[in-house]
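Note sheet for the following structure.
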Amino acid sequence: MRTTLVALGLASALWFTPALSAEAPGPAVAGTVNNDAIKLSGLVRFVVESCPGTKPDYARFKEVVERLGTDLAALSHGEALIRSATYTQAYQKDPSASCRLAQERFGPNGTIVPGLIGPG
């Protein structure tokens, strides 16, 4: 139960954190992984796995991750990968609501990062 609550709390952070912006570049420091980049990685994986008719724009994803000061490759291993998978798992608790929110916040007219996901 505690694990589920923690995972849901982490997932809600992505939906309610206004700090994530594709327009606000972050300083790139070698070896650092921005938490918002981890959240986006989990979201992208969730969209691929659970949102029929929707797919990520990988070029846009890479651009946003780099603006957040994170090397895309850093998201594919170690702690960043584990944390990203935690977000993916949390979004899967209510796939229809999570897909809807992903579209509202990251779709073509998204309120957080427009164009990150689109029609598949």
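Quick note on numbering: the sequence shown equals residues -21 to -1, 1 to 99 in mature numbering (1 follows the signal peptide of the UniProt record, and there is no 0).
The C-beta atom is built at its ideal place from N, Cα and C for all residues, glycine as well.
Problem set entry | Anticipated Cβ contact below 8 angstroms, ILE96 with VAL26, distance rounded | Indeed, because the Cβ distance is near 5 angstroms, the residues count as touching under 8 angstroms.
Problem set entry | 8 angstroms Cβ cutoff met for ARG94 and ARG39 | One point to set straight first is that residue 94 is Gly, not Arg, in the sequence displayed. Result yes, Cβ atoms of GLY94 and ARG39 sit closer than 8 angstroms.
For this session: Evaluate residue 100 with the Cβ neighbour count: other Cβ atoms within 10 Å of its Cβ, from every protein chain shown; 16 or more gives buried, anything less gives exposed.
Result: In the structure as shown, the chain starts at -21 and stops at 99, and residue 100 therefore has no counterpart that could be examined.
For this session: Decide if ARG24 is buried, meaning its Cβ has at least 16 other Cβ atoms within 10 Å, or exposed.
Result: The residue is buried, with at least 16 neighbouring Cβ atoms inside 10 Å.
For this session: Out of GLU42, GLU28, VAL92 and LYS34, state which residue places its alpha-carbon closest to the alpha-carbon of GLY99.
Result: When each option's Cα is compared against that of GLY99, the closest is LYS34.
Problem set entry | For ARG79 and LEU54, the rounded distance between their alpha carbons | If I take the Cα positions, the gap works out to 25 angstroms.
For this session: Taking all protein chains shown into account, decide if ILE91 is buried (16 or more other Cβ within 10 angstroms of its Cβ) or exposed.
Result: So ILE91 ends up on the buried side.
For this session: State the DSSP-derived secondary structure class of ASP72, mapped to helix, strand or coil.
Result: It is worth fixing the name first, because residue 72 is Lys in this sequence and not Asp. Residue state, collapsed to three classes: coil.
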